[in-house]
Every structure is written in structure tokens, then in C-alpha cells.
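Read left to right, the sequence shown gives residues 74 to 318 (our numbering). Taking it in order: structure first as C-alpha cells, then the write-up.
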Amino acid sequence: MENPYETDKLLGEYLHFHYGNENEVMPWSFGPKNGLNFAIRSVSELLDNASLNVSQKTSALDVGCAVGRSTFELAKHCDEVRGCDLSNAFIKAAELILSGGALSYDYLEEGDSYNNSTITFNNQNENISFFVADACDLPTDLPAFDVVHAANLICRLPNPLDFINRLPELVIKGGQLLLATPFTWLEEFTPRENWIGSGNSEEKLAELLHPYFKLERKVELPFLIREHRRKYQYSVSFGSRWRRV
Ligand SMILES: C[S@@+](CC[C@H](N)C(=O)[O-])C[C@H]1O[C@@H](n2cnc3c(N)ncnc32)[C@H](O)[C@@H]1O
74 MENPYETDKL
84 LGEYLHFHYG
94 NENEVMPWSF
104 GPKNGLNFAI
114 RSVSELLDNA
124 SLNVSQKTSA
134 LDVGCAVGRS
144 TFELAKHCDE
154 VRGCDLSNAF
164 IKAAELILSG
174 GALSYDYLEE
184 GDSYNNSTIT
194 FNNQNENISF
204 FVADACDLPT
214 DLPAFDVVHA
224 ANLICRLPNP
234 LDFINRLPEL
244 VIKGGQLLLA
254 TPFTWLEEFT
264 PRENWIGSGN
274 SEEKLAELLH
284 PYFKLERKVE
294 LPFLIREHRR
304 KYQYSVSFGS
314 RWRRV
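Quick look at the structure:
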């Protein structure tokens, strides 16, 4: 089966989700605008900026970064930031945006009719980089980071435990793990036996992160993905910040 995150359809949806003009993403005045700008809020509402050690260089890793909006957000707070994703198409788009190039993309209006938009995001920063990687099998030579961010990733992995078990060595002691997940378990992504709970996923996640991480903050993070002018996905991600102990 083709990885859905390599398709033009999802590339357009995610570029629009991360960078789209608010009025183009949700043109309806009565629509749930609190779901906009999720890729910014999953950083801004979870990160404890005050506890970052400003006397030395700080680093962050954004796992499952898609087309990179949260990675750029992390770079406002950390000196060196890396974003990774399994999708070649998403990483290519993120790199193009990083290089300052204008990226034109199509988003669905209705049927097979598309609108076009262009991202010009002046964010050239030599301390940001992107790479293709599998969150279930991350490179063994990765260092530990001050901040690791993974938004809406774990319920898209075939075996979330492979990623979760790696986290203690990816976050420095005293560092922060920023997780967001709507726990949308689907067998097409995660075989049933690998789901982290069902109905009790929040508790199961806490059990798995214990004793390496201490829960510091919980926040509900709504998000809105536009499929077409009249169809949206509205979900609520469980946002959490965990301190590496
Ligand atoms: C639901 S999207 C979330 C993207 C982004 N973090 C956000 O909040 O908008 C899931 C992302 O995980 C990526 N992904 C899926 N399986 C992965 C894997 N095994 N390793 C790394 N990334 C993966 C997808 O390509 C996609 O970009």
C-alpha cells in the first residue's frame, strides 16, 4: 500500500494545515477556529521556555514533523533544531520552505477542482535541518536533545513502543518531551495488539513513560484539517509536557 503521506492530496492538505491562510483554511465564520494553527500551538502551549538553559546552546528534535511548521516554531526557542519524518515528499517540501523558495501547492475546493496557494516563508536559518527517518527506528547516532516534540505521531506508527522506548535516551536529563496525540487508533496504521490502550490510552501512556518522565502539563489541543471547502476533520489532541528525570 502506498504511504498516504507521500501523496499530492495529503501534501496539499498538510501544507494548508501548517501554513495556510486562516480564512482560506476555515472560510466559514461559524466554523471552529480554535482548531487553527495547531502546528504552532503544539509547541507554544506545551514548551516551558523559562526552563531552557540559555547559558548554553539548546537543541530540539521534531519527530514526525510533516512539512515542518512546528520545527520552525521550535527554532524560535532553541539554537539548533532538527525535524524528521518518514515521508520524502513532506521533507522535500519542508526543505524547500527552509531554503526560502516559494512553494506553490493545490488544495481541494470540491470534486476535482483545486485552488492554488503559495507559501513564502522567510525562515532561512542554518541551524534548522530536516531529514527522512523512521520514528520506530531512529538513527542510533542521534544525540540527546533539550526538547523532543512529537505531535499527532504515535497513533500513526506501526509500533509506537519502538519510539516510546527510545525516548529516555533522546531527551537530556531535565529536558522536555512535548507530546500531542488524539489517540486515533486505526488498524490501517497500527495493528490492534500494538495500540497503547483503548479508552484508557492516557493512563497507559503515563505507565510507559514512567519512571523516566514526570508529567508537568496537560492541555487539550483542538486541530482542524481541511479536506475540502465543506469537509473538515476536527479532532482534539491530548497535549502533554513531560520532564526527563
Ligand atoms: C498526523 S501527521 C502529524 C504531522 C505533524 N506532526 C502535525 O502535527 O501536523 C503524522 C506524521 O507522521 C509521519 N509518520 C508516519 N509514520 C512515521 C514513521 N514511522 N516515522 C516518522 N514519521 C512518520 C507522517 O508522514 C506524518 O507527517
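Heads up, the beta-carbon is just placed ideally off N, CA and C, and yes, glycines get one too.
If the five residues before and after F111 are omitted, its C-beta is found closer than 6 Å to the C-beta atoms of F296, all from its own chain and listed in chain order.
Close CB contacts of T263 within its chain, under the 8 Å cut and outside five residues either way in sequence, are with C228, R229, L230, P231, N232, P233 (chain order). Boundaries of the beta strand (DSSP E) harbouring K287: 286-301, taken from the DSSP string.
For the pair R265 and V127, the Cα-to-Cα distance works out to about 43 Å.
Less than 8 Å divides the Cβ of I201 from the Cβ of A148. Taken atom to atom, the span from the alpha-carbon of L281 to that of L294 is near 22 Å.
Note on geometry: alpha-carbon atoms of N96 and F163 lie some 23 Å from one another. In its chain, beyond the 5 residues on either side, P105, G108, L297 have a beta carbon closer than 6 Å to the beta carbon of Y307.
Around the beta carbon of E153, 16 or more other beta carbons lie within 10 angstroms, which makes this residue buried. DSSP places T257 in no beta strand (DSSP E); its state is neither H nor E. Between Y285 and P241, the CB-CB gap stays under 8 Å. By the C-beta density criterion, V205 is exposed, having fewer than 16 other C-beta atoms within 10 angstroms. Around P77, the same chain offers L83 as residues with beta carbons nearer than 6 Å, after the five sequence neighbours per side are excluded.
Residue environment analysis places H283 among the exposed positions, since fewer than 16 neighbouring C-beta atoms fall within 10 angstroms of its C-beta. For the region 200-235, the continuous beta strand (DSSP E) assignments of 3+ residues that do not extend past its boundaries occur at 201-205, 218-224, in sequence order.
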